Structures are given as C-alpha cells and as structure tokens.
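**Student:** Chains as they are written, first to last, in this note's numbering: chain A, 201 to 498; chain B, 3 to 350; chain C, 487 to 889.
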Amino acid sequence: MSFLTYLINGLSLGSIYAIIALGYTMVYGIAKMLNFAHGDFIMVGCYVIFSVIGAMGGNSTTGVIIAVVVSIILCSLLGITTEFIAYRPLRGAASPLAVLITAIGVSYFLENLALIIFGADVKSFSSVITWKGISFANGELKIQGVTIVTIAVSIIILVCLQLFINKTKQGQAMLAVAEDKGAATLMGINVNKTIMLTFAIGSALAAVAGALLCSAYPNLSPYVGAMPGIKAFVAAVLGGIGSIPGAMIGGIVLGIVEILSKTYISSQLSDAIVFGILVIVLIVKPTGILGKVIQEKV
Amino acid sequence: MRIDKKTKDNLITYGIVVATFLIVQALASTGHLTNHIKGLLVPMTYYAIIAVALNLCVGILGELSIGHCGFMCIGAFTSAAFSKITAEKIPSGPRFLIAFVIGIAFAALFGFLIGIPVLRLKGDYLAIVTLAFGEIIKNVINAFYIGVDSKGMHFSMENQMALGLEPDGLMVVNGAMGITGTPHDASFTIGIVMLLVSLVVVLNLINSRDGRAIMAIRDNYIAAEASGINVTRYKMLAFTISAAIAGAAGVLYSHNITTLTASSQYFGYNASIMILVYVVLGGIGNIRGSVVAACILYLLPELLRGLNKYRMLIYSIVLIVMMIVNWSPKVIEWRKKTFANFGIKKKV
Amino acid sequence: MKKFSKAVSALMASVMAASMLAGCTDAASTETPDTQAQAQGTESSANGGATFKIGAIGPLTGAAAVYGNAVCNAAELAVEEINEAGGINGYQVEYSKEDDELNAEKSVNAYNTLKDWGMQILVGSTTSACSIAVSENTKADNMFQLTPSGSAEECVKYDNVFRVCFSDPNQGIASAQYIADHNLATKVGIIYDNSDVYSNGIYQKFKEEAAGKNFEIVSEEAFTADNATDFSVQLQKAKDAGADLVFLPIYYQAASLILTQANTMGYSPVFFGVDGMDGILSVENFDTKLAEGVMLLTPFAADAKDDLTVNFVKKYQEKYGEVPNQFAADAYDAVYIIKQALEAKSVTPDMSTSDICEAVKAAMTEIEAAGLTSAKMTWDASGEPNKEPKAVVIKEGAYVSAE
Numbered sequence: 201m202s203f204l205t206y207l208i209n210g211l212s213l214g215s216i217y218a219i220i221a222l223g224y225t226m227v228y229g230i231a232k233m234l235n236f237a238h239g240d241f242i243m244v245g246c247y248v249i250f251s252v253i254g255a256m257g258g259n260s261t262t263g264v265i266i267a268v269v270v271s272i273i274l275c276s277l278l279g280i281t282t283e284f285i286a287y288r289p290l291r292g293a294a295s296p297l298a299v300l301i302t303a304i305g306v307s308y309f310l311e312n313l314a315l316i317i318f319g320a321d322v323k324s325f326s327s328v329i330t331w332k333g334i335s336f337a338n339g340e341l342k343i344q345g346v347t348i349v350t351i352a353v354s355i356i357i358l359v360c361l362q363l364f365i366n367k368t369k370q371g372q373a374m375l376a377v378a379e380d381k382g383a384a385t386l387m388g389i390n391v392n393k394t395i396m397l398t399f400a401i402g403s404a405l406a407a408v409a410g411a412l413l414c415s416a417y418p419n420l421s422p423y424v425g426a427m428p429g430i431k432a433f434v435a436a437v438l439g440g441i442g443s444i445p446g447a448m449i450g451g452i453v454l455g456i457v458e459i460l461s462k463t464y465i466s467s468q469l470s471d472a473i474v475f476g477i478l479v480i481v482l483i484v485k486p487t488g489i490l491g492k493v494i495q496e497k498v
Numbered sequence: 003m004r005i006d007k008k009t010k011d012n013l014i015t016y017g018i019v020v021a022t023f024l025i026v027q028a029l030a031s032t033g034h035l036t037n038h039i040k041g042l043l044v045p046m047t048y049y050a051i052i053a054v055a056l057n058l059c060v061g062i063l064g065e066l067s068i069g070h071c072g073f074m075c076i077g078a079f080t081s082a083a084f085s086k087i088t089a090e091k092i093p094s095g096p097r098f099l100i101a102f103v104i105g106i107a108f109a110a111l112f113g114f115l116i117g118i119p120v121l122r123l124k125g126d127y128l129a130i131v132t133l134a135f136g137e138i139i140k141n142v143i144n145a146f147y148i149g150v151d152s153k154g155m156h157f158s159m160e161n162q163m164a165l166g167l168e169p170d171g172l173m174v175v176n177g178a179m180g181i182t183g184t185p186h187d188a189s190f191t192i193g194i195v196m197l198l199v200s201l202v203v204v205l206n207l208i209n210s211r212d213g214r215a216i217m218a219i220r221d222n223y224i225a226a227e228a229s230g231i232n233v234t235r236y237k238m239l240a241f242t243i244s245a246a247i248a249g250a251a252g253v254l255y256s257h258n259i260t261t262l263t264a265s266s267q268y269f270g271y272n273a274s275i276m277i278l279v280y281v282v283l284g285g286i287g288n289i290r291g292s293v294v295a296a297c298i299l300y301l302l303p304e305l306l307r308g309l310n311k312y313r314m315l316i317y318s319i320v321l322i323v324m325m326i327v328n329w330s331p332k333v334i335e336w337r338k339k340t341f342a343n344f345g346i347k348k349k350v
Numbered sequence: 487m488k489k490f491s492k493a494v495s496a497l498m499a500s501v502m503a504a505s506m507l508a509g510c511t512d513a514a515s516t517e518t519p520d521t522q523a524q525a526q527g528t529e530s531s532a533n534g535g536a537t538f539k540i541g542a543i544g545p546l547t548g549a550a551a552v553y554g555n556a557v558c559n560a561a562e563l564a565v566e567e568i569n570e571a572g573g574i575n576g577y578q579v580e581y582s583k584e585d586d587e588l589n590a591e592k593s594v595n596a597y598n599t600l601k602d603w604g605m606q607i608l609v610g611s612t613t614s615a616c617s618i619a620v621s622e623n624t625k626a627d628n629m630f631q632l633t634p635s636g637s638a639e640e641c642v643k644y645d646n647v648f649r650v651c652f653s654d655p656n657q658g659i660a661s662a663q664y665i666a667d668h669n670l671a672t673k674v675g676i677i678y679d680n681s682d683v684y685s686n687g688i689y690q691k692f693k694e695e696a697a698g699k700n701f702e703i704v705s706e707e708a709f710t711a712d713n714a715t716d717f718s719v720q721l722q723k724a725k726d727a728g729a730d731l732v733f734l735p736i737y738y739q740a741a742s743l744i745l746t747q748a749n750t751m752g753y754s755p756v757f758f759g760v761d762g763m764d765g766i767l768s769v770e771n772f773d774t775k776l777a778e779g780v781m782l783l784t785p786f787a788a789d790a791k792d793d794l795t796v797n798f799v800k801k802y803q804e805k806y807g808e809v810p811n812q813f814a815a816d817a818y819d820a821v822y823i824i825k826q827a828l829e830a831k832s833v834t835p836d837m838s839t840s841d842i843c844e845a846v847k848a849a850m851t852e853i854e855a856a857g858l859t860s861a862k863m864t865w866d867a868s869g870e871p872n873k874e875p876k877a878v879v880i881k882e883g884a885y886v887s888a889e
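Shown next as structure tokens:
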C-alpha cells in the first residue's frame with residue numbers, strides 16, 4: 201500500500217516534469233536550440249496568472265480562465281519577441297553555442313526583471329484547480345486533483361501536438377525545418393515564420409505548465425522556473441531529444457525515479473541517484489528512451 | 003614559417019599575461035589599486051584558468067561540457083582537506099605545492115573515470131551527462147563527513163555524530179557545511195604562475211601531434227578514425243587534461259576563500275555555464291580569448307556594483323548584446339562592410 | 487587572425503560597456519544613502535564633516551535576495567532613524583550596502599568595495615558562509631563586524647566578530663530541550679535541507695541533544711535546494727513512522743510548501759520550527775489556516791504589540807512595502823547595538839578603524855542591549871549573544887506566546 205502511495209506521489213511530480221518537458225522538447229526539437237530561458241517563461245506565466253487573479257480580486261472560475269488565457273497570450277508574445285530580438289540574429293552563427301549563451305542572458309534578464317518588479321519574497325499561489333481529487337481504499341490512497349488534471353492536460357497536449365505536426369501544413373513545415381533548414385527554404389517554407397510559430401506554441405505550453413506547476417507547488421518566486429526547467433530538460437533528453445511522446449515518458453519516469461530513490465535509498469543523495477540513473481540510461485541507450493539513432497554518413 | 007607564426011602567437015599570449023602581471027604589480031606597489039580591485043585579482047586568475055580548461059574541452063576537443071565546475075569542486079575539496087589537516091604540520095610553501103599536486107591529481111582521476119562513460123556519447127546527450135556528473139559530485143560531497151583524530155581518519159556519509167570523533171579531533175569536511183578555515187595560501191603571483199603553466203600545457207598540446215589528432219577528431223570524427231587515429235585515447239587525453247586544469251583552478255579557489263561549501267552557486271550547473279559564457283565570448287577554440295573574456299566578464303558585474311539592484315539586469319543585457327555583436331552573421335557582415343569602407347576612405 | 491579580431495572586438499565592446507558603467511558607479515554609490523547625505527551636509531559641518539561609516543552586505547539579488555534585502559533595508563532604516571535623532575555621539579552616520587549574491591567570494595568583493603568607500607564598521611554578512619569568509623578579512627584589517635544573521639558556529643570565531651542572532655547549535659539544543667521539557671511529543675520526525683549550512687547546523691545539534699531525552703527521533707529526511715518542491719516522501723515517511731511532531735529546521739519558503747502538502751495528504755502533526763520559520767505568516771496570499779498550531783522558537787514576531795516592534799514594522803512597511811522578517815529585526819537591532827557600543831566608549835569617527843574596533847569590542851561585553859529580538863541581550867568575548875529564545879505558537883493567523 202505504501203509503495204502505491206509513493207508511486208502516486210512520483211506520478212504527480214512526474215506529470216509536472218512531463219508538461220514542462222513537452223514545451224521544452226518542442227522548441228528543442230524544431231529550432232534545435234536549448235532554450236535555457238524556458239523555465240523563466242514558466243515563471244513569467246505564473247506571475248501573470250498571479251497578478252491577473254489578484255487584480256480581479258478572487259479565485260473564481262471565470263477569473264482563473266481569463267488569467268490562464270491572458271498568461272498564454274502574453275507568454276506566446278514573450279516567446280516571439282525573445283526569438284526575434286535575441287535568437288534570430290544568431291541563426292546561422294558559426295557555433296550553435298552562441299545562441300545557447302544568449303538564452304542564458306535572456307534567462308538572467310527575466311529573473312532579474314521579475315526580482316525588481318515583484319520582489320524576492322515568495323508569494324503563495326492559489327491553485328487554479330480547486331478539485332480535491334479522488335481517493336481509494338477508504339482514503340488510504342489519494343490522487344490529487346491537480347495530478348489528474350496535469351496528466352489529462354499533458355495527454356491532450358501530446359495528442360494535439362502530434363496531430364498538429366503530422367497532419368497540418370505548418371506542422372509538416374516544422375518537421376522539414378527541424379530536418380534541414382536549407383532544404384526547407386528551397387521547398388518554399390518560410391523558416392523564420394515556422395520557428396516563430398514554434399516559439400509561440402512552446403511558450404504557450406510554458407504558460408500552461410506554469411499554471412499547473414504553481415498549482416501543485418504553490419510557491420512563486422523569480423527563480424521558480426529555473427530548477428524545474430533544468431529537470432524538464434533532463435526529462436526531455438531522457439525521453440529522447442525532439443520526441444514528443446519521449447518527453448512525456450521521460451518526465452514521468454524522472455518523477456517516479458526521484459520519489460522512489462528518496463523513499464527507498466536516501467533522501468540526502470536523491471539528486472545524485474536521479475542523475476546517476478540518467479547517466480546509466482544514456483550509456484545503455486545513447487539517444488534516450490524514444491530517441492532515433494541517426495547513422496552518421498560519410 | 004607556419005610554426006613560427008604559431009609560436010609568435012603563443013608568445014603574444016604569454017606576453018599579455020606577464021605584462022598584465024607587471025602592470026598590476028606596479029600599480030599595486032604605487033598604491034593605485036583599490037582594495038576592491040586587489041581582491042578581484044586572484045579570482046580572475048582562477049576563472050581564467052578554468053576558462054582555458056573548458057576551452058580545451060569545448061573548443062579543441064569539440065565536446066560541450068556543462069559540468070566542468072564539478073572538477074573544480076573536486077580539486078578544491080581534496081586540496082583544502084589536505085591543507086586543513088596538515089595546516090600545523092607542514093610550512094605553507096611546500097604544503098601549497100602538495101595541495102596543488104593532490105587537487106590536480108584527484109581532478110584528473112575523476113576526469114578520467116567520468117570520461118569513460120561520457121565520451122561514448124555525442125552532442126547534447128554528452129552535454130547533459132556532464133551536467134549530471136557535475137550535480138552528482140556536488141550532491142555526494144554534501145553528504146561527506148570526514149574527521150581526523152589521534153586514531154586516524156574517520157569517514158561517514160550519514161552525519162557528524164556517526165564519525166565517533168574524539169573530542170579534540172578535527173572536523174575536516176562537515177557535510178553541507180563544507181570546509182572552513184583553509185589556510186589563505188593563494189596569491190596573485192601564484193595565480194598568474196598557474197595560469198601561465200596551464201597556458202603552456204594547453205598551447206603546447208594544441209601545437210603538438212596529439213593536439214592535431216584531437217582537432218582532427220573534432221573536425222571529422224569518421225575521417226580521423228579512418229586515418230588510424232585512436233579516437234578514444236585522444237578524447238580521453240584531452241578530457242583528462244582539461245579536468246586536471248579545472249582542478250588546479252579549484253585549488254586556487256579553495257585557498258583564496260576560507261569557506262568552501264559544495265553549493266550550487268559555486269559548483270552547480272549555473273556556475274559551469276558561467277564559465278561556458280567566458281569561453282564562447284572569448285572565442286571557441288581561442289585560448290587567449292578565454293583568458294581575456296574571463297577577466298572582463300568577471301570584472302563587469304563588479305564594476306556595475308554602483309547600479310545596485312539593476313546591476314544583474316544590465317549585465318544580462320550587455321551579455322545578449324555582446325553575443326549578437328560578436329556572433330550574428332548579419333552583424334559580422336555589416337562590420338566587414340563598414341570596416342572595408344573605412345579602408346577605402348583611408349586610401350583615398 | 488579572424489578569431490583574434492573577434493576577441494579584440496569582444497574586448498573593446500566590453501571595455502567600453504564597463505568603462506561607461508564604471509563611470510556611473512561613483513555617482514550612484516554616493517547617491518545610495520541619499521537622504522542622509524543631504525542631512526549630513528547641513529548637520530555634520532559642526533563636527534568638521536566627520537561621519538561614522540557603516541556598511542552592510544547581503545544577497546540583494548539571486549535566490550536568497552529576500553534575506554539580504556531585509557538586512558540591508560532594516561539597517562538603512564535604523565541609520566536614518568539615528569540620523570534624525572541626532573546621530574551617534576553627535577556625529578551623523580553614513581550607510582552603504584553591497585550585494586554578495588549568496589556567494590562567499592562575492593561577499594569578500596563586496597567587503598573590499600565597502601572598505602574603499604571608507605567603511606568603519608560592518609553589519610554583515612547576512613548569511614553564514616559569506617560571513618565566515620568576510621571575517622577572515624575583517625580580522626586582518628581589525629574592523630569590527632557584527633553579523634545580524636550569520637548563525638553558523640564559525641561565524642564568530644575571531645574576537646572582532648559578534649552576532650545578534652542565535653547560533654545554529656544553540657537553536658538545535660534549545661529546540662530539543664523545549665520539546666522535551668514541555669512533553670510535546672514522543673516520536674519526532676525531522677525534515678531538513680541537506681544543502682544548507684544553517685539547516686544542517688541546527689539538525690546536527692538537535693540530534694545530539696535529543697539522545698537521552700523523553701522523545702525518540704523516528705525519521706530524519708533531507709531535501710536539497712535542487713529538489714525543494716516535492717516533500718511528499720519526507721512527510722509520508724514521518725507519517726508512516728508515527729511521528730506526532732515534525733521538526734523543521736528550515737526557512738519559511740520550504741516550510742510553507744511542507745504545510746500545504748501535509749494538509750493535502752491529511753497529515754497533521756505538531757510542526758515545530760526555528761527562527762527561519764518566521765515570515766511564514768507574511769507570505770503573500772498564503773493560507774494562514776495551514777499554519778495553525780505551528781510552534782516556533784523565534785526571537786522576533788512581526789505582530790508583537792510592544793511599541794518598538796509596532797513602530798519598526800510600521801516604518802518598514804511604509805518604506806519598503808513589505809512586512810519585515812526576523813532578518814530585518816536582527817539587522818535593525820545590530821545598528822542600534824553598534825550605536826550603544828559606540829556611545830558607551832564615546833567613540834568618534836576620526837579614530838582609526840582598528841581603534842574603533844578595539845573600543846567597540848570592549849564595549850560589547852559590557853553593554854546590555856534591548857531591541858526587537860530580545861528585551862535583554864548581553865555578550866561575552868566569544869561573540870555569542872545571551873538572550874532567551876521565545877517560543878511562539880500560531881493561533882488564528884497570529885503569533886501567540888506559547889508559555
């Protein structure tokens with residue numbers, strides 16, 4: 201019974217990692233850049249929701265919906281703007297590391313801006329999900345509402361993204377850009393527009409992830425997105441870079457491993473164990489759980 | 003002729019370091035340096051050293067590492083533990099020398115051990131595994147408890163009490179509280195000497211047969227392998243040397259600041275990425291650039307102190323702008339054009 | 487050569503940026519104590535323009551910014567009050583603060599910057615590791631250092647360093663004794679931050695002290711700064727082990743998450759915190775019902791009704807828009823303690839830093855200070871304060887004395 205409880209706890213944590221990893225892997229797979237600022241987009245999304253709900257003076261259902269929608273729109277705009285100002289000029293730079301460093305710059309910028317605007321102290325985020333969840337076996341086992349919603353939302357996003365990418369023209373264009381930018385241009389695809397759309401969707405997903413992250417763990421600070429961001433990156437790699445179902449699996453595996461290693465091995469060393477397992481997985485399967493093995497041609 | 007040019011280039015690099023050292027010493031002895039600047043000198047040398055180390059890994063070997071501060075951490079902890087245990091027994095000169103040997107040796111050892119699994123991977127997967135190892139090192143050191151008393155060394159991974167230390171025993175590594183009271187042995191002169199040593203090692207490696215093999219692997223793995231280059235051996239060589247130099251930076255670090263804790267702000271992935279910023283801004287594969295960029299980027303937030311809370315905000319903007327100015331293909335093209343125009347005007 | 491030109495252009499760009507901004511540095515740093523500076527202009531002329539220069543260091547940016555800002559703001563507030571009331575021994579006080587980003591190395595840089603500015607007495611650093619690193623320098627310069635909140639044992643190992651807060655070991659011991667003396671529990675669970683100096687220090691002493699007491703430690707679980715979001719395992723283990731009291735030697739941010747998560751899992755032991763827990767009630771939007779019944783040992787509670795606290799909280803809120811926490815209270819006290827010590831020995835600002843240090847050091851063991859964090863504080867030469875920890879319990883969203 202207690203094992204099941206821990207498993208469910210792992211699932212709740214994993215579902216949060218999964219939903220962040222979805223946005224991460226989207227940008228990562230298509231624009232082929234590590235957007236280190238993704239975690240900070242999540243933070244921005246959280247602050248927007250917090251401020252909008254605060255401004256409307258309460259946690260009513262309509263208020264929550266409006267807040268989440270506003271947050272999604274603003275995050276998309278932020279994603280597009282960031283891409284335009286900081287990332288686009290570096291497309292085609294001599295080293296792919298250049299854009300990685302600007303992403304870090306953007307991350308510092310957003311964190312410090314939030315620090316100046318909202319202050320350093322944590323704010324308690326009131327959950328956007330009021331549903332308490334379901335319990336089994338006379339309340340011994342409990343699955344929280346936010347966990348169920350997070351998993352449901354991530355599955356919906358997963359399905360929508362898969363449909364969008366495989367069935368629509370823009371989605372196919374994204375795949376083409378991911379494969380080969382030069383060839384995509386030759387095929388008449390507007391690479392800039394496609395990548396802009398990728399960022400818009402990726403950042404909108406960050407806003408959704410932010411709403412759920414802060415509902416599950418209601419402490420809001422300028423650094424709220426940094427660590428989940430890096431964990432989601434790990435999850436995305438674990439699942440196989442660029443693979444959207446991989447990100448989902450990677451996130452959930454990571455969450456469960458983290459909780460179980462804390463429970464059964466050592467809570468002091470759980471970070472080391474989680475990263476250790478990542479290393480082992482990658483050594484056995486060097487492109488992640490669902491990653492494609494790309495044979496290098498001579 | 004080619005060799006001459008390279009030697010000349012290397013001599014310029016050494017010259018810049020030596021000249022900087024002499025100028026700074028002259029300014030210091032005539033009282034032109036503020037305490038603030040004086041305090042920044044040693045950190046600048048060890049950040050330059052670790053930037054050189056990372057550039058060897060990223061620029062020359064061509065493998066992105068975002069966990070290099072982990073090696074710095076190992077060098078720092080092993081050497082500081084040694085210095086703390088022997089603080090009263092060995093005079094400071096030889097002690098610091100042995101500390102260097104220990105720190106570098108341990109960092110190299112871990113570089114070698116970690117290199118075995120890491121270098122099997124490629125690209126972003128490799129990067130994430132280096133990050134993972136950096137975090138593992140940090141987390142494990144946080145759970146280390148080492149004490150010394152008359153019976154010898156005591157070791158535990160639980161807590162201080164589990165050591166069973168005698169009352170007069172010396173607590174060396176105290177878990178998350180780390181090591182305090184490491185002797186303050188580092189100085190600007192030693193830092194500069196270490197920087198020169200690591201430059202000599204790296205620049206000579208680059209210009210040697212081994213170095214050319216390493217760069218061949220970076221440029222075309224398959225061609226290198228086909229030409230009979232032992233790819234694994236050379237990759238391991240470069241990675242281990244890089245780790246060893248990072249360890250040397252760690253030794254300087256731990257003997258400059260007397261508290262040493264394995265927390266994220268010093269040795270986490272954020273710190274490693276900061277070093278990566280130095281390397282990229284200085285020019286990937288450009289060793290001299292790394293040294294210069296490390297010094298400037300370390301100085302920058304310090305010089306911005308007067309801006310108070312806007313300091314890091316401005317720093318981040320400067321970082322983005324500098325990246326775009328230096329790396330954007332369009333800006334580079336524009337720069338070429340304008341400079342070309344200048345050239346024409348001059349001629350006219 | 488292409489790479490070289492790149493390096494040169496990087497150099498040029500950054501040197502230009504640096505020099506431009508460095509130009510602002512001087513202007514900005516003299517502006518920092520803006521109001522006092524003007525006040526001095528008029529008043530201090532009587533004393534030949536001499537002023538006391540007090541500096542403060544803390545993390546003003548980064549994840550620990552809340553503590554550094556509390557310390558630096560409260561110290562600033564205290565200095566302004568003192569200046570309005572006529573200064574110390576008739577001299578005005580100048581104040582400057584520097585950021586250390588919770589980094590010991592940057593803390594030393596901050597110290598050196600303040601030294602260049604002419605600092606005579608240091609209030610800081612805010613955090614333990616930084617404070618220890620800086621104490622090495624203040625010792626070498628023989629400058630008096632009073633850390634408001636550096637609580638690790640080693641912070642005060644030098645004779646020129648004193649502190650306002652309790653030490654970590656003291657808090658661990660006091661907590662264990664309090665729990666034992668008041669028969670609060672038979673089975674105790676602990677959740678601590680394994681990556682934090684403060685939390686570890688308290689935890690270790692608590693565990694040592696708990697041996698042989700009338701309660702048993704049934705679960706000891708750690709977390710680190712990198713996974714400080716999910717506490718379900720730590721709570722579940724305490725619950726499974728039957729802990730009726732959970733000891734939380736951690737800061738209030740993580741504690742507020744723990745309380746929320748314990749509530750969702752339906753686990754309600756007594757939660758027992760230390761001074762880092764103070765501040766939990768002022769977390770914006772926090773449901774204080776969750777903290778009902780939480781006990782903590784703290785020297786300061788922002789809603790205490792004594793005049794000193796009421797006045798301090800009101801002024802702090804007006805100026806900075808936040809409810810001050812225990813860090814702020816410690817720093818506010820620190821400045822007044824320095825004032826008292828300077829007055830006890832009739833110190834004047836024209837004395838050398840080292841002479842001021844000797845005088846204040848001697849005064850510290852003689853004075854008896856009353857402040858926000860205790861009505862009676864005394865020090866011995868070790869630098870540790872003697873003051874009574876107050877146990878408070880949270881009832882209906884407010885701190886109430888537990889006695």
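Ideal Cβ positions, reconstructed from N, Cα and C, are used throughout, including at glycine. Fair warning: this is a prediction, and the values are worked out from it, not measured in the lab.
(1) Is it true that the region 84–93 of chain B meets the region 111–120 of chain B, where meeting means three or more beta-carbon pairs spaced less than 8 Å apart?
(2) By the three-class DSSP mapping on this structure, what secondary structure does Y577/C have?
(3) Can you tell me whether DSSP reads K881/C as helix, strand or coil?
(4) Using only alpha-carbon positions, find the residue among A294/A, A376/A and L222/A that is nearest to M325/B.
(5) Rounded to the nearest angstrom, what separates L58/B and K338/B at their Cα positions?
(6) Which residue comes first and which comes last in the beta strand (DSSP E) that contains Q631/C?
(7) Check whether the Cβ of S860/C lies closer than 7 Å to any Cβ atom in chain B.
(8) Across the region 288–296 of chain B and the region 568–582 of chain C, are there enough close Cβ pairs to call them in contact, namely three or more that are closer than 8 Å?
(9) Anything in the region 367–384 of chain A with a Cβ closer than 9 Å to a Cβ of chain B? List those residues in chain order, please.
(10) What does the alpha-carbon distance come out to for the pair V320/B and A107/B?
(11) Below 8 Å on the Cβ atoms is my guess for G728/C versus V756/C; work out the distance and round it to an integer in Å.
(12) Under 8 Å, with one C-beta from each stretch per pair, do the region 277–288 of chain A and the region 417–428 of chain A reach the 3-pair mark?
(13) Taking C-alpha atoms, which residue in D764/C, A855/C, K601/C and K873/C lies nearest to S840/C?
(14) From the DSSP output, read off the bridge partner residues of F157/B.
(15) Considering only residues of the region 335–370 of chain A, which uninterrupted alpha helix (DSSP H) runs meet the minimum length of 4 residues and lie entirely inside it, listed in chain order?
(16) Compute the Euclidean distance between the alpha carbons of V589/C and D761/C, then round it to the nearest angstrom.
(17) P422/A by DSSP, collapsed to three states: which one?
(18) Using a Cβ distance threshold of 8 Å, determine whether the region 577–592 of chain C contacts the region 843–863 of chain C, with at least three qualifying pairs required.
(19) Which residues of chain B have a Cβ atom closer than 8 Å to the Cβ of S335/A, listed in chain order?
(20) Tell me, which residues are paired with W865/C by DSSP?
(21) I want to verify the contact list: residues of chain C whose CB lies under 7 Å from the CB of I148/B, in sequence order.
(22) List the residues of chain B whose Cβ lies closer than 7 Å to the Cβ of Q606/C, in chain order.
(23) From the beta carbon of L58/B, is the nearest beta carbon of chain A less than 7 Å away?
(24) Is there a C-beta anywhere in chain B that falls below 7 Å from the one on E457/C?
(25) With a cut-off of 8 Å on the beta carbons, I'd call K86/B and V142/B a contact; round off their distance for me.
**Tutor:** By the coordinates alone:
(1) Contact between the region 84–93 of chain B and the region 111–120 of chain B is absent, because fewer than three Cβ pairs lie under 8 Å.
(2) Of the three classes helix, strand and coil, the one that applies to Y577/C here is strand, per DSSP.
(3) Note: K881/C maps to strand in three-state DSSP.
(4) Nearest to M325/B by C-alpha distance, out of A294/A, A376/A and L222/A, is A294/A.
(5) Rounded to whole angstroms, L58/B to K338/B spans 29 Å at the Cα level.
(6) Per DSSP, Q631/C belongs to the beta strand (DSSP E) from F630 to T633.
(7) Chain B, which has no Cβ nearer than 7 Å to the Cβ of S860/C, makes this no.
(8) No, the region 288–296 of chain B is not in contact with the region 568–582 of chain C.
(9) The residues in question: there are none.
(10) If I take the Cα positions, the gap works out to 38 Å.
(11) Between G728/C and V756/C the beta-carbon gap is near 13 Å, outside 8 Å, which marks them as no contact.
(12) Output reads no: the region 417–428 of chain A does not touch the region 277–288 of chain A.
(13) Check the Cα spacing between S840/C and each of D764/C, A855/C, K601/C and K873/C: the tightest is with K601/C.
(14) In the DSSP output, where bridge partners are listed per residue, F157/B has I148/B.
(15) Given a length threshold of 4 residues, each whole run of the alpha helix (DSSP H) inside the region 335–370 of chain A is given here in chain order: 345–367.
(16) Checking the sequence shown, residue 589/C turns out to be Asn, not Val. Distance between the alpha carbons of N589/C and D761/C: 22 Å.
(17) DSSP places P422/A in coil when its eight states are reduced to three.
(18) Taking a cut-off of 8 Å for Cβ pairs, the region 577–592 of chain C and the region 843–863 of chain C do not touch, as fewer than three such pairs fall below it.
(19) Under the 8 Å cutoff, chain B gives no residues; its nearest Cβ is about 34 Å from S335/A.
(20) When DSSP reads this structure, W865/C sits in a beta bridge with P871/C.
(21) Ordered by position in chain C, no residue passes the 7 Å Cβ test against I148/B, which lies about 15 Å from the chain.
(22) Within chain B, no C-beta atom comes nearer than 7 Å to that of Q606/C; the closest sits roughly 14 Å away.
(23) Among the CB atoms of chain A, none fall inside 7 Å of the CB of L58/B.
(24) Only positions 487 to 889 of chain C appear in the structure, and residue 457/C is not among them; the question remains open.
(25) Distance from K86/B to V142/B at the Cβ level is roughly 19 Å; contact not present, criterion being Cβ atoms closer than 8 Å.
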